[in-house]
Each structure stands twice: as structure tokens, then as C-alpha cells.
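Undergrad: Residue numbers (our numbering), protein chains in the order written: chain A, 7 to 727; chain B, 73 to 137. Heads up, the beta-carbon is just placed ideally off N, CA and C, and yes, glycines get one too.
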Amino acid sequence: MSKENKDNQKLLTSFEFEPGKVEKGYTDRRLYINLSENKIEEKPIDLEAKETFTGGRGYGIWYLWNAVSSNTKWNDPENEIIFCTGPICGVTQYSGTGKTHVVTLSPETGTVNDNNVGGYLAPFLKFSGWDLLEIQDKAKEDVIIFIDGNKGKVVIEEVPGINSDTYLLIEKLTEKYADDEKDKRNLSIVSSGRGAENTNLGILNVTWYDVRRKKVRIKQAGRGGTGSVFRDKKILAIVTKYSGVNAGSNNAAYPELLKKAGQRLTKEISKLDHIQNGMRETGTVNLLDHMQNYNCLPVHNFKFGSHPDAFKIENKIWHQRMTQNQAGDSCWMGCAMRCAHAVDGFELSTGPLKGEKVLVDGPEYETTAGFGGNCGCFDPDFVLEANFYCDNYGMDTIGVSTTMAFLMECYENNIINKEITEGLELNFGNIKAALELIHQMAEGKGFGKIAGLGIRQIKKILVEKYGADAEFLQDIGMECKGMEFSEYVTKESLAQQGGYGMANKGPQHDENWLIFMDQVNNQIPTFEDKAAAIRYFSLFRTWFSLVGLCKLPWNDIEPEDNKQKYHGMEAAKVPEHLENYCWLFEGVTGKQLTPEELILQSERVHNLQRIFNLKMGFGTREHDIIPYRAVGPVTAEEYESRRELYDQQLQEIVNFDIKDKTTEEKIKTLRDYREEQYQKLCDAVYERRGWSSNGVPTLENIIKLKIDFPEILELVKKYQS
Amino acid sequence: MIKVNGRDREWEKNLTVDLLLKKCKYSFPLIMVKVNGKYIPKEKYQNTLIMDGDDVQVIHSIAGG
Ligand code: SF4
Numbered sequence: 007m008s009k010e011n012k013d014n015q016k017l018l019t020s021f022e023f024e025p026g027k028v029e030k031g032y033t034d035r036r037l038y039i040n041l042s043e044n045k046i047e048e049k050p051i052d053l054e055a056k057e058t059f060t061g062g063r064g065y066g067i068w069y070l071w072n073a074v075s076s077n078t079k080w081n082d083p084e085n086e087i088i089f090c091t092g093p094i095c096g097v098t099q100y101s102g103t104g105k106t107h108v109v110t111l112s113p114e115t116g117t118v119n120d121n122n123v124g125g126y127l128a129p130f131l132k133f134s135g136w137d138l139l140e141i142q143d144k145a146k147e148d149v150i151i152f153i154d155g156n157k158g159k160v161v162i163e164e165v166p167g168i169n170s171d172t173y174l175l176i177e178k179l180t181e182k183y184a185d186d187e188k189d190k191r192n193l194s195i196v197s198s199g200r201g202a203e204n205t206n207l208g209i210l211n212v213t214w215y216d217v218r219r220k221k222v223r224i225k226q227a228g229r230g231g232t233g234s235v236f237r238d239k240k241i242l243a244i245v246t247k248y249s250g251v252n253a254g255s256n257n258a259a260y261p262e263l264l265k266k267a268g269q270r271l272t273k274e275i276s277k278l279d280h281i282q283n284g285m286r287e288t289g290t291v292n293l294l295d296h297m298q299n300y301n302c303l304p305v306h307n308f309k310f311g312s313h314p315d316a317f318k319i320e321n322k323i324w325h326q327r328m329t330q331n332q333a334g335d336s337c338w339m340g341c342a343m344r345c346a347h348a349v350d351g352f353e354l355s356t357g358p359l360k361g362e363k364v365l366v367d368g369p370e371y372e373t374t375a376g377f378g379g380n381c382g383c384f385d386p387d388f389v390l391e392a393n394f395y396c397d398n399y400g401m402d403t404i405g406v407s408t409t410m411a412f413l414m415e416c417y418e419n420n421i422i423n424k425e426i427t428e429g430l431e432l433n434f435g436n437i438k439a440a441l442e443l444i445h446q447m448a449e450g451k452g453f454g455k456i457a458g459l460g461i462r463q464i465k466k467i468l469v470e471k472y473g474a475d476a477e478f479l480q481d482i483g484m485e486c487k488g489m490e491f492s493e494y495v496t497k498e499s500l501a502q503q504g505g506y507g508m509a510n511k512g513p514q515h516d517e518n519w520l521i522f523m524d525q526v527n528n529q530i531p532t533f534e535d536k537a538a539a540i541r542y543f544s545l546f547r548t549w550f551s552l553v554g555l556c557k558l559p560w561n562d563i564e565p566e567d568n569k570q571k572y573h574g575m576e577a578a579k580v581p582e583h584l585e586n587y588c589w590l591f592e593g594v595t596g597k598q599l600t601p602e603e604l605i606l607q608s609e610r611v612h613n614l615q616r617i618f619n620l621k622m623g624f625g626t627r628e629h630d631i632i633p634y635r636a637v638g639p640v641t642a643e644e645y646e647s648r649r650e651l652y653d654q655q656l657q658e659i660v661n662f663d664i665k666d667k668t669t670e671e672k673i674k675t676l677r678d679y680r681e682e683q684y685q686k687l688c689d690a691v692y693e694r695r696g697w698s699s700n701g702v703p704t705l706e707n708i709i710k711l712k713i714d715f716p717e718i719l720e721l722v723k724k725y726q727s
Numbered sequence: 073m074i075k076v077n078g079r080d081r082e083w084e085k086n087l088t089v090d091l092l093l094k095k096c097k098y099s100f101p102l103i104m105v106k107v108n109g110k111y112i113p114k115e116k117y118q119n120t121l122i123m124d125g126d127d128v129q130v131i132h133s134i135a136g137g
């Protein structure tokens, strides 16, 4: 902090609490903060909520449901931003147990949003004594919320006039709040940046201290604009401090079960990671080569699935750029996967930190595919610069790159021009313009002001102000429910189209990722098979967020003989890891859990989230429709790029005689067929989920799931035909 | 005609597992191959011939996003 800032700093309020006691993974209390009233309170977790919603995101959605009305907008004072832990969160004997889940109303979708993020926040919160941190209302000036978990104190300080960008802020705050070098590892900071203030695509960065590098590292809560809510509430940062984490911190019921599961997984990772996914070498970016080889890498706004220049950003390149063998690449203690890689000493060529040599956290697959493939900028230095600045400014690399790719296609189709973009030549592959647009978005200046609204709102402006063709924009604007698609081409995977379209919060792959099981392995050929997979895996993946887990150690590593011992969908569940999860839950909470009960826990929360969408005016069938670009070829250029495949499908599956037919005629017939398939899939999935044909959970299902709270029943009754 | 992951594909003489994987552009390193339900270890890909009418499964162990 500069001297000037210190003078401006003002203590608004403080609150003392009994440092928490964690009992079998839970503290049973939540920390509530109201920023306009400077009120800090301890509130209990209701027993009924615990029984019904398990923890983590389940709690978050339930308490947000209670806090907002159907009229609440994302930037209304009553919207909350809720940081959730979970009963398994913080276990140090098992890999991937440090995730924080964040719940809030999204500026992009207008409904409930959830994110998961690494870093040390959630375990520190829980061990300080809180299952949840719930923040409501807005401060007048920027504030820092400091939670000292050992001293049992929460302090809110007003700190006006500080640059909110993450990179320098987190270094300064770490210096300020740590007693000495050793104490830095006891801090976890949440921050965002100016991009979150000026766009709807704001993210949260959550830190941990990398002891080996002596650097503060970050992970992102990326989707749906959570960071924009954070900055709208004028939170500059949340600093959590806790020392004393150990294997007993959760006061687990049966620690031996945690040890058993942990040892089994760690052994697998050590023995197999280098021959399986190489998560320890490059992390999720290992996917890039495979997506390119199997035509699933988004290129030029999802028009194509591969590109001859993709080798320039392939996995090998990142292996060279990322510093190898870094113990600090675990985003929570004890994670043997350590996939949170970084590029050290990267020199920035643009922006406010031009010329600085910085550490870039990442890049992950999504960032590389989004900026590299989808925007057609196959340049690793560009990917790193875009990655760094999006994080620093607090903007979502997926949301920004998918939006940018859409704008590039609009530019190349003369829907927008240099006059509208104020001089930016937004052709695919124009690195200079792409970087300039990122800076403009963060500043809320120039064309960046429009770009930062996200695709749904941009489409509206282009139609209303510039007379663009609404149908074409609907076809190529890759958003659903207001959220931009993450970075996979789904044209040849009906199941993944459904996985995206029927996901509660919008088209993010954390609910479902079925592309290979469907498109390549062909293991779920019928509508019923696909519906069963969509239902099961969306529920299974939801469970991670209830208990505080990272998804990656579930199936980014698997036992050597998994595919020989198990078949089809069963193998994809990775049964031995499922068994680990049951052991972990029982080991921590003392309650036995079968694989079926695990799914039931998720089903309650998943249905509640769908009903929350209903409460906010969404949640019905029409909102599950996806742009045709996600389903099939929109343009002749796309059709011709895979003519052989499409012609064959028309003849063999649709029974359409292609002789003498124009490309346009073929596109139309294929489209009619594929759109019908998507609707049939929706029917099958709704039925399998116990929802009506309008996509609304039935009363029968709600009662069966024991989520028949009066307000829920009243709402859902309106939709029963 | 053979089946590869349940889909029809032209059969040709001297088609080995190795050659089939190349023709299908199945470059992913972690795959498991079964021919008529029988598991074929990697070291036998080059010598295992696929016959007309065979049912081949090529399961990719990819976790994805
Ligand atoms: S697997 Fe990777 S992202 Fe997940 S907890 Fe471990 S280091 Fe973090």
C-alpha cells in the first residue's frame, strides 16, 4: 500500500468470533456480512438445509434462493455473493480437495450462477469456523474484508483509490497481511480487476502462495460474471488468514478411510500420469492436440474443428514454456496431480504493464483453444498475453475469447465495420486488434464497451442499432441462457449439444463432457443412452461442488485396468474413484454413502437450481435451445469444409438424395434433421430427469426428492399442465 | 464390411489393427482395442489382422473438460 492509501484507509467495522470448531467436516455456521449496514453476523446452518442439500454449492443455492426475489437483478443490493466450502473440503490426504464454490446471480444470465475455483480460500474459511461466507448489499467505497481465522476476527476497511487489478494487488496485500515470509502461505486472497467493473464477464482470482517460486499464484472463478458482482459490491479484496492446517483439521469420523482412499489415488497418479494425460507436465492444455486431431477444436467462431496452424499452440509448446517439476503447482495442499502450471518470466508487449516480466498462471486448455483456435490467433505469446491480462483485469478468458470470435465473424461478414469498431480491424488472426480489444473491454472504452456486454446483449445492439440479421446472429452467436459456450465443437456429438443446452447455468462443460463417449466411442447411440449419460454425469459432477472437490482427479487419471474391468458408461464412471468418494464422505462425516445416495444428494441440488431458474423467469424448454452453430453447419463454407461427411449422413441417415442438390438445399435438410434430433433428445432427457415436456421438475419428483418446501411447491404448481 | 465402434466401414485385405487406427485417424495414445470382444494388447496391433465382418471397438480413455 502506498502512504497515500494508508491515509485513506478507514476501519468501518470489526467483529470477533469464537474460532471455529470443525466437527466431521462441518462447522454448521455461516458468516454473514451486509456491506451497506456494516453488519457482520454469525448465523447457523439449518439442520433441514444440511440434511437436504449436503453442503457447498447446495447450501449456496439454498441461501441465495432465500435472499432474493424473482425480481432481483444481479446488481440489486439483495443479491448475495456466497463462498461455499463443503464437508470434504480441506482434507489433505486426498488430491483435489481445496475447491471453493461461488454462488451468485449472474449479470450474463440473470439467474443463479455457480463457479468452482482452486486456491486456499475454502479450506481456510472452514478451518476458521465457517461453512459459508455470505455477502450481501454494497459498500459505498472500495473495501477489504479481512478474516483472521486464528484470532477470530473479521475487519472491514474502506480503501478508496486503489487499482483493483489483480497482479500487483495480491502481491501488495500478501506483503501487508503476512507477518513474515513464512506466514505468506497462511493467506488466501480473493480479488478481481477493472475488467470486472466494466464488463459482464468479471471473474474472481483466488490465491495461494507458491513457496518454491516465492510468488502469489491464482486460480479463477470464471464463468457468468461473478467478478462483476464482486466489484459492483465494491469489494476490492477478501483476505483470509489461517495457520495450522493438518490432517486432523476436519475432525474426520474415520481418518483411516481418508488415508486408504488417498494412498490409492496418489499411487495411481505417481505411476500413471505421465503415460495417461500428463497433467503434471502441462495440465489441461494436453487436450489441445486431441481436440485438433478429432475435429473438436473450435476454430473461427466454432466454424471448424481443426486448423493447419494448430501445431503452433500444441501441447509440446506448452511443455517447453511451463516451468516443470514445481511443487507449488498444487492449488491446494496435498494434491498430487499438481496441474496448476505457470509460465515464468513472460515479457508483456502491451498494456499498462508493458515491458514487465510476469508469471502467467496457465494457460489452461480453454484459454488456449479460445484465443488460439477460436479467434484464429495461433501464437503462444498472444495466448499468454491474453491469458495474463484477462486474469489481471478480472475477465473470463472463455467469455472474452468466445465473444471476440463472434465479433470477428461479424466483422468478416460486414455486420460490423471499422466505423462501428472505432478503427479495430477485427479479422480472425489479428493479434494486435485482439489485444487492443481486451484492453478496451477492461477500460470500458471504445468498442470494448459493447464487446464487454457479452454475446447476448451484443446481438441485440447489432440488430436494433445496426440492422443486423437477427436469425443469422442467433445461429452464430455461441451463447445459451446468456452465457458464452466453452471451447468444444459439438456438431458431431448430439449428447454434448444436450450437455451444454440443458446445463443449469449455461453452456459450460463442468456439468457434462460426453464428446468422446458419444462422437468417437459411440457408446451411447440411442436417445435413451444419451439421456441416461446426460442425467448421470451432470449429477455426478454436481456432487463435487456439494462437498468441496476438484473434478480433475476423478477421471483425468484412472486405474490402469479401468477400461478392461468395466465397460461403456460404467467405465466412464471410474468405479474405483467413485468408491474413493464414498469412503471420503463416510470417512469425514461418519455417514455411510452408497453410489446411489451420492447421486440423490446431487439430484436435490440440481433440481433446486433448475427451479431457481424458473423463479428468475427462465428454466423452461425454450431456454435450452442452442445456436445452430453448435448443432450443424450454418454456412456453405462450413458445409463444404466437411462435405464428404455431411453428404454421407444425408444419404445414409436422412435418406435424402443429394444428387443435383445445391449446398444450400443440403444445409437446410441437414438442419431440419439435426434440430429435430436435438428436440427428441430434450424429450428423452426431461423424461429421464423426472421433468415435464416443458423441462420443469414434476411435483411428484419434487416430493420424491424431499425438496417440497412451500415456496418451491407454489412456484412449480404454476407450471404443471 | 466391418464395424468400428458400431459404425459400418469398408474392409480391405491385410487390414491390421495398427492400419485401421491410422485410417480412422485415431491418434489418441490411450485407447483400448477389442476385436469381436477380445482385448488386443498394444504390442499386438501390428500383427493382428482384422477379418471381413469383424466387430472392432476402439475405446478412447479421454477425460475431457
Ligand atoms: S487437480 Fe489441479 S486444479 Fe485440481 S486441485 Fe489439484 S492442482 Fe488444483
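With 8 Å as the threshold, decide whether the Cβ of Q615 (chain A) is near any Cβ in chain B.
TA: Not closer than 8 Å to any Cβ of chain B, the Cβ of Q615 (chain A) fails to qualify, so no.
Undergrad: Against chain B, does S544 (chain A) count as a neighbour if the rule is that its beta carbon must be under 8 Å from one of theirs?
TA: no
Undergrad: Output the residues surrounding the ligand SF4, defined as those with a CB atom closer than 6 Å to any ligand heavy atom, in chain order.
TA: Result: A:S101, A:G102, A:G104, A:G124, A:S336, A:C337, A:W338, A:C341, A:M343, A:R344, A:C345, A:A346, A:C556, A:L558, A:P559.
Undergrad: Kindly list the residues whose CB is nearer than 6 Å to the CB of K225 (chain A), restricted to its own chain and excluding five residues on each side of it in sequence; keep chain order.
TA: V123, G124, G125, V212, C337
Undergrad: Under 8 Å, Cβ to Cβ, is there at least one residue of chain A near M104 (chain B)?
TA: yes
Undergrad: For N156 (chain A), I'd like the list of residues in its chain whose CB is within less than 8 Å of its CB, leaving aside the five on either flank, ordered along the chain.
TA: Excluding positions up to five away in sequence, the list reads P25, S134, K247, Y248, S249, G250.
Undergrad: Quick one: using the 10 Å Cβ neighbour count with 16 as the cut-off for buried, is A577 (chain A) buried or exposed?
TA: Answer is buried; the Cβ neighbour count reaches 16.
Undergrad: Please check the pair G488 (chain A) and I540 (chain A), which I expect to be a contact at CB under 8 Å, by giving their CB distance rounded to whole angstroms.
TA: That pair is no contact at about 21 Å.
Undergrad: Measuring CB to CB, does I168 (chain A) end up less than 8 Å from K239 (chain A)?
TA: no
Undergrad: Going by beta carbon distance, what residues of the same chain come within less than 6 Å of G382 (chain A), once the five residues before and after it are set aside?
TA: Counting only Cβ-Cβ distances below 6 Å, and skipping sequence neighbours, we find H306, F434, G435.
Undergrad: Does the segment 83-98 of chain B come into contact with the segment 114-132 of chain B, if we say contact requires no fewer than three beta-carbon pairs (one atom in each stretch) closer than 8 Å?
TA: yes
Undergrad: Does DSSP put T232 (chain A) in a helix, in a strand, or in coil?
TA: For T232 (chain A), the secondary structure class from DSSP, reduced to helix, strand or coil, is helix.
Undergrad: So, under 8 Å CB-CB, A440 (chain A) and M410 (chain A) are touching, yes? Tell me the CB distance rounded to an integer number of Å.
TA: 6 Å
Undergrad: Name the residues in the segment 499-526 of chain A whose C-beta lies less than 7 Å from a C-beta of chain B; which are they?
TA: Result list: H515, W519, I521, F522, V526.
Undergrad: Would a check of beta-carbon distances place K110 (chain B) closer than 8 Å to chain A?
TA: The Cβ of K110 (chain B) sits no closer than 8 Å to any Cβ of chain A.
Undergrad: Could you please give me the residues that DSSP links to G208 (chain A) through a beta bridge?
TA: BP columns for G208 (chain A) point to A:M401.
Undergrad: If you reduce the DSSP assignment to three classes, tell me which class H107 (chain A) lands in.
TA: strand
Undergrad: I'd like to know whether the C-beta of I131 (chain B) is nearer than 8 Å to at least one C-beta of chain A.
TA: yes
Undergrad: Measuring CB atoms only, is the segment 667-682 of chain A touching the segment 529-545 of chain A, in the sense that at least three cross pairs come out at less than 8 Å?
TA: no
Undergrad: In chain A, which residues lie less than 9 Å from I122 (chain B) when you measure between Cβ atoms?
TA: What I122 (chain B) touches in chain A: nothing, since even the nearest Cβ is about 17 Å away.
Undergrad: Taking Cβ-Cβ distances shorter than 9 Å, what residues in chain B pair up with S492 (chain A)?
TA: Listed along chain B are G137, each with a C-beta nearer than 9 Å to that of S492 (chain A).
Undergrad: For a contact meaning CB atoms closer than 8 Å, what does G125 (chain B) contact in chain A?
TA: Here the premise fails: no neighbours, minimum Cβ distance about 18 Å.
Undergrad: Ignore the nearest five residues each way along the sequence and tell me which others in E609 (chain A)'s own chain have a CB closer than 7 Å to its CB.
TA: Hits under 7 Å: L545, L711.
Undergrad: Quick one: using the 10 Å Cβ neighbour count with 16 as the cut-off for buried, is N283 (chain A) buried or exposed?
TA: Buried, because 16 or more other Cβ atoms sit within 10 Å of the Cβ of N283 (chain A).
Undergrad: Measure the CB-CB distance between T19 (chain A) and F618 (chain A) and report whether it falls below 8 Å.
TA: no
Undergrad: P559 (chain A) and G268 (chain A) - do their beta-carbons sit closer together than 8 Å?
TA: no
Undergrad: Between the Cα of A333 (chain A) and the Cα atoms of A:G483, A:W324, A:Q326, A:M343, which residue gives the shortest distance?
TA: A:M343
Undergrad: Are the beta-carbon atoms belonging to I422 (chain A) and L479 (chain A) less than 8 Å from one another?
TA: no
Undergrad: To test your reading of the DSSP string, which unbroken beta strand (DSSP E) runs of 3 or more residues are found completely within the segment 7-64 of chain A?
TA: 16-22, 35-40, 45-50
Undergrad: Can you find the residues in the same chain that come closer than 7 Å, C-beta to C-beta, to N108 (chain B), ignoring five residues on each side of it along the sequence?
TA: In chain order, D126, D127 place their CB closer than 7 Å to the CB of N108 (chain B), counting only its own chain and leaving out the 5 sequence neighbours on each side.
Undergrad: When you compare only the Cα positions, how much space is there between Q514 (chain A) and N119 (chain B)?
TA: 43 Å
Undergrad: Starting from the C-beta of R616 (chain A), find all residues in its chain whose C-beta is less than 7 Å away, skip the five residues before and the five after it, and write them out in chain order.
TA: N510, G625, P703
Undergrad: Is the Cβ of R79 (chain B) closer than 8 Å to any Cβ of chain A?
TA: yes
Undergrad: Do we get a CB-CB distance below 8 Å when we pair V89 (chain B) with the residues of chain A?
TA: Not closer than 8 Å to any Cβ of chain A, the Cβ of V89 (chain B) fails to qualify, so no.
Undergrad: Run through DSSP, which three-state label would L175 (chain A) get?
TA: helix
Undergrad: Please name the residue or residues paired with V76 (chain B) in a DSSP beta bridge.
TA: B:R79, B:V128
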